[in-house]
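A short write-up of the structure that comes next.
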Amino acid sequence: IRVLVVGAGLTGSLSACLLRRELKDKNVHIVVWDKARGVGGRMSTFRPPDPSCHSADLGAQYISATREYARSHHSFYTELLEEGILRPLDCAVEGLRHKDGSTDYVAPLGMSSVVKHFLRHSGEPDLFLEHQVSGLYRRGSSWEVHRKQGDSQNFDSVLLTIPVPQILQLEGDLGDVLSVQQRELLHGVSYSSRFALALFFPPGTDLGVPWGVRYYNNDDGGAGLGPSLVVHTGVPFGLQNLERNAEEVQPIILGELNRLLPALPQPISIKCHKWRYSQVASAVAGCPGHMTLSEHPLLVCAGDAFTHSNFDGCLTSALSTLEAFKGVM
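All residue numbers for the sequence shown refer to full-length UniProt numbering, where the first residue is 1 and numbers rise by one.
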């Protein structure tokens, strides 16, 4: 049984891992496609040109587990902690409105290491990067999946974990399998947009700040390695600058950063990234975890748009997706 997982982010990697673990007796062969040059999705880690600098997480910075999720997802947190993928956040966080009883974790090797961990535990699936899906066509008991590059492959089942607007843009037979209610639910999903700016400094640089993370409410506008500093813009700024690219916005963010931290040293390199689909602002009503668009052949869409935008939301979606696959297979 050939299963295609579209999207090598957190939901995609978790789903591939769970399908491999739970359906190994079904002779399932998992293939993962992602349009980017690396895995991680919104948990991607950027490696600077200068190897003497620390890498930077341009998307998710850390993972927060509430008491309830720490209990219900205990085995996953234990696995990540025991293997050194996660560790408790031990730096000062200024301006954070913390929920009682929640615990924060960071990934010492970058947030993409969490995604890579689950991909490794997926039985080393066939991973293809720079593979962007352009259309889905039903061919009897399988799906013919077309790439933007022009070629196509057939799969028995397909799992879409990409942002909902990108799902709705796919060509082919998707429009025919969507019910009126499903179409309305998917069109009701919305995302916030953000820009992330990473600054990289040489080894020994003192950034002159007493905190590791700080939240600013501004709606107006490794050992031996050099430190990196990541700045995320807020939701209002992302909305105001939705049609601008990262190059246009970079000097604006730098200007505000220099106003907030006037003594900041000169970086040796800078990376600015635009997250068009940063976090889910409005999820699918009822947060079902996944949506089955077709049972024969199986076509499922999943991700934080069907739950909520954090680690536990993606895990909840992956667990829900697993049940959908088990119910059909």
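For every residue, glycine included, the Cβ atom is placed at its ideal position computed from N, Cα and C.
Taking all protein chains shown into account, do 16 or more other C-beta atoms lie within 10 angstroms of the C-beta of residue i, making it buried, or fewer, making it exposed?
i: Asp57; result: buried
i: Asp219; result: Residue placement at Asp219 is poorly supported in this model, since its pLDDT is 39, which falls under 50; the coordinates still yield a value, given next. Asp219 comes out exposed.
i: Arg21; result: exposed
i: Lys24; result: exposed
i: Ile162; result: buried
i: Pro227; result: buried
i: Cys17; result: buried
i: Lys116; result: buried
i: Gly101; result: exposed
i: Val328; result: exposed
i: Ser192; result: buried
i: Leu136; result: buried
i: Leu174; result: buried
i: Val242; result: For the sequence presented, residue 242 should be read as Leu rather than Val. When all chains shown are included, Leu242 counts as exposed.
i: Leu14; result: buried
To the nearest angstrom, report how far apart residue i and residue j are at their CA atoms.
i: Gly47; j: Gln181; result: The identity of residue 47 in the sequence shown is Arg, whereas the question assumes Gly. Distance between the alpha carbons of Arg47 and Gln181: 43 Å.
i: Phe261; j: Asp206; result: What sits at residue 261 in the sequence shown is Leu, not Phe. Rounded to the nearest angstrom, the two C-alpha atoms are 13 Å apart.
i: residue 343; j: Pro202; result: Nothing in the structure corresponds to residue 343, since the chain is present only between 1 and 329.
i: Thr78; j: Leu199; result: 32 Å
i: Gly40; j: Ala60; result: 10 Å
i: Thr321; j: Ala263; result: 49 Å
i: Gly172; j: Leu178; result: 12 Å
i: Phe195; j: Lys26; result: 43 Å
i: Val5; j: Met43; result: 17 Å
i: Ile252; j: Phe76; result: 40 Å
i: Glu256; j: Ile268; result: 19 Å
i: His73; j: Gln266; result: 42 Å
i: Gln149; j: Ser134; result: 9 Å
i: residue 379; j: Phe118; result: No answer is possible for residue 379: it lies beyond the span of the chain, which begins at 1 and ends at 329.
i: Val106; j: Tyr62; result: 5 Å
i: Gly303; j: Val114; result: 16 Å
i: His121; j: Arg259; result: 45 Å
i: Asp34; j: Glu247; result: 24 Å
i: Asn154; j: Gln132; result: 15 Å
i: Arg244; j: Leu197; result: 15 Å
i: Ile30; j: Gly123; result: 9 Å
Please confirm whether residue i has its beta-carbon closer than 8 Å to some beta-carbon of chain B.
i: Ser44; result: Absent here is chain B; the protein component of the structure consists of one chain.
Please name the residue in the options whose C-alpha comes closest to that of residue i.
i: Leu319; options: Glu82, Ile1, Thr11; result: Thr11
i: Arg138; options: Glu247, Ser294, Phe306, Glu323; result: Ser294
i: Cys53; options: Lys271, Ile30, His29, Gly286; result: Lys271
i: Val249; options: Gln153, Pro265, His273; result: His273
i: Asp50; options: Leu254, Asp104, Asn258, Leu225; result: Leu225
i: Leu186; options: Val31, Tyr62, His29, Ala305; result: Ala305
i: His308; options: Ser193, Cys287, Gly234; result: Cys287
i: Pro108; options: Thr45, Gly9, Ile167; result: Thr45
Check: What residue ranges within the region 54-136 form continuous beta strand (DSSP E) runs of no fewer than 3 residues, ordered along the chain?
Finding: 63-65, 103-106, 126-129
Next item on the list: Check whether the region 58-67 touches the region 310-324, counting contact only when three or more Cβ pairs, one atom from each stretch, lie closer than 8 Å.
Entry: yes
Next item on the list: May I ask you to verify whether the region 145-160 touches the region 290-303, counting CB pairs closer than 8 Å and requiring at least 3?
Entry: yes
Check: Given 8 Å as the limit, is there contact between the region 83-90 and the region 231-245, that is, 3 or more CB pairs closer than that?
Finding: no
Next item on the list: Mind the definition here: the region 136-148 touches the region 270-285 only if three or more C-beta pairs lie below 8 Å; say whether that holds.
Entry: no
Checklist line | Ranges of the alpha helix (DSSP H) found wholly within the region 161-230, counting only runs of at least 4 | finding: 164-168, 174-177, 180-187
Checklist line | Within the region 233-301, ranges of the beta strand (DSSP E) (whole runs, at least 3 residues) | finding: 269-282, 290-295
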